[in-house]
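Scroll down for the structure; my scribbles are underneath it.
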Amino acid sequence: MAFNSRKVTSIVTRLALDGIYRADEDIRLFLNDKFAEIKDSHPFKHLIDPSWPPETIVENIIQKSSGQFIYASVVINFVSSPRHHPVQRLEVIRGIRPARLDTPFAQLDALYIHLFSCVEEIDTTMLVLSYVMLGPDDKTKTIEQFLSLGEGDVEIALADLASVAEVTHCVKFLHASLPDFLRDPARSQKYYIDPPNRHADFAHRWFELFKASTPSNISGYVVTYFIPEIIMYLEHAAPTNELQQDILEFLPHPHPTCFSRSE
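Numbering-wise, the sequence shown is residues 27 to 289 according to the working numbering.
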């Protein structure tokens, strides 16, 4: 906040570290140099294929970096460990090989956990982030309508996370690795966003909005998203008792096995 004060803004110039500085190209150069260094000097270099890593993997790391070097640096530090096979370590990063004693994103996770620990209204913040990740729309007005929040509440809820989430007319993650962190209970711990249960919560909220609407006073949210959204929630929702009751009350001819699993 100090950098936004009148005294500071009158004597400094704000520069965006995005397209002007071509951050992605700098990160690509960094990654290619470091991977070349690993193939040239790592103790297990004789086990590494000369074509490793594929360009698609490098591009994925760049995308997850979101213009910031911290993610790319964490990846390289983990992969270049002299006590481990670099190819296997990169597979851990990609999630196709389980981590052992050390976790690849320990430093990044510590940063995220610290940021979330400083949030005052954490329940509302996690609710908003859950909708951004799992809902059909990232528009601020839509989020506030669906979650029954007041105007400006989304911006307030994410104010403490301004370094990783941007709020304008929509909500944008500034770090593409943040959703990965929030979806992994081992990494995010108490800040874990559980998709099945969140989908169940959102489905229940949808039914509540629908029940509160009448032909003469139907909410703009229900009109806009209506059936496609509830289908999406139900397809991914945990079969909670509350949600099953919602469905039984909603269906014109309730069927007790609507949540039963095929044998």
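Yeah, the Cβ is synthetic: ideal placement off N, Cα and C, and Gly gets one too.
Report the residue from the options whose alpha carbon sits nearest the alpha carbon of residue i.
i: Ile293; options: His72, Leu277, Phe61; result: Examination of residue 293 is not possible in this model, given that the chain is present from 27 through 289 alone.
i: Phe131; options: Phe207, Pro211, Ser107, Ser92; result: Phe207
i: Leu184; options: Asp210, Ser156, Pro211; result: Ser156
i: Cys196; options: Lys71, Leu260, Thr166, Arg115; result: Thr166
i: Lys90; options: Leu200, Asp227, Ile219; result: Leu200
i: Ala229; options: Leu260, Asp210, Ser214; result: Leu260
i: Lys65; options: Arg126, Phe56, Pro79; result: Pro79
i: Asp164; options: Phe56, Glu81, Gly178, Thr194; result: Thr194
i: Val105; options: Arg48, His68, Arg231; result: His68
i: Ile119; options: Asp135, Val101, Ala136; result: Val101
i: Ser174; options: Leu187, Glu63, Phe236; result: Phe236
i: Leu137; options: Thr266, Val190, Leu55; result: Val190
i: Gly93; options: Thr151, Ala62, Ile53; result: Ile53
i: Thr150; options: Ser214, Glu170, Leu274, Asp135; result: Glu170
i: Glu234; options: Gly176, Asp179, Glu275; result: Glu275
i: Glu268; options: Glu255, Ser239, Trp232; result: Trp232
i: Asp135; options: Arg209, Leu57, Asp179, Gly161; result: Arg209
i: Ile182; options: Ile148, Asp50, Arg115, Arg123; result: Ile148
i: Lys198; options: Arg115, Gln133, Val154; result: Val154
i: Ala331; options: Pro211, Asp186, Ile139, Phe172; result: Within the shown structure, residues of the chain are numbered from 27 to 289, placing residue 331 beyond reach of any answer.
i: Asp50; options: Lys60, Gly161, Ala62, Val84; result: Val84
i: Arg126; options: Ala62, Arg224, Ala212, Arg48; result: Ala212
i: Ile219; options: Thr129, Gly161, Ile256, Asp272; result: Gly161
i: Asn103; options: Val180, Tyr217, Asp128, Met152; result: Asp128
i: Ser107; options: Glu81, Thr82, Phe70; result: Phe70
Mind checking which residues open and close the alpha helix (DSSP H) that includes residue i?
i: Pro221; result: 221-238
i: His140; result: 132-143
i: Ser91; result: 81-91
i: Ala125; result: Ala125 -> no alpha helix (DSSP H), and no H or E assigned at all.
i: Thr151; result: 148-160
i: Lys65; result: 49-67
i: Tyr217; result: Segment: none, Tyr217 is in no alpha helix (DSSP H) and carries neither H nor E.
i: Ala98; result: 95-105
i: Leu73; result: Careful: Leu73 lies outside any alpha helix (DSSP H) and carries neither H nor E.
i: Leu269; result: 267-276
Hey, residue i and residue j are a contact pair by Cβ (cut 8 Å); roughly how many whole angstroms apart?
i: Met258; j: Pro205; result: Between Pro205 and Met258 the Cβ distance is about 17 Å, and since that is not below 8 Å, they are no contact.
i: Pro222; j: Ala263; result: 6 Å
i: Ala226; j: Thr266; result: 5 Å
i: Gln215; j: Ile122; result: Contact flag wrong, Cβ pair sits at about 23 Å.
i: Val55; j: Ile87; result: Reading off the sequence shown, one finds Leu at residue 55, where the question assumed Val. About 13 Å; that fails the 8 Å criterion.
Quick check: is the beta carbon of residue i nearer than 8 Å to any beta carbon in chain E?
i: His140; result: In the structure shown, chain E does not exist; there is a single protein chain.
task: Could you pull out every unbroken beta strand (DSSP E) segment of at least 3 residues lying fully inside the stretch 173-210, listed in chain order?
output: DSSP assignment within the stretch 173-210 yields the following whole beta strand (DSSP E) runs of 3 residues or more, N-terminal first: 191-193, 197-199.
query: Does the stretch 141-156 come within contact of the stretch 83-100, defined as at least 3 CB pairs closer than 8 Å?
result: With a cut-off of 8 Å on Cβ pairs, the stretch 141-156 is not in contact with the stretch 83-100, counting fewer than three such pairs.
- prompt: Does the stretch 110-124 touch the stretch 74-84, meaning 3 or more C-beta pairs lie closer than 8 Å?
  reply: Contact annotation: the stretch 74-84 touches the stretch 110-124, with at least three C-beta pairs closer than 8 Å.
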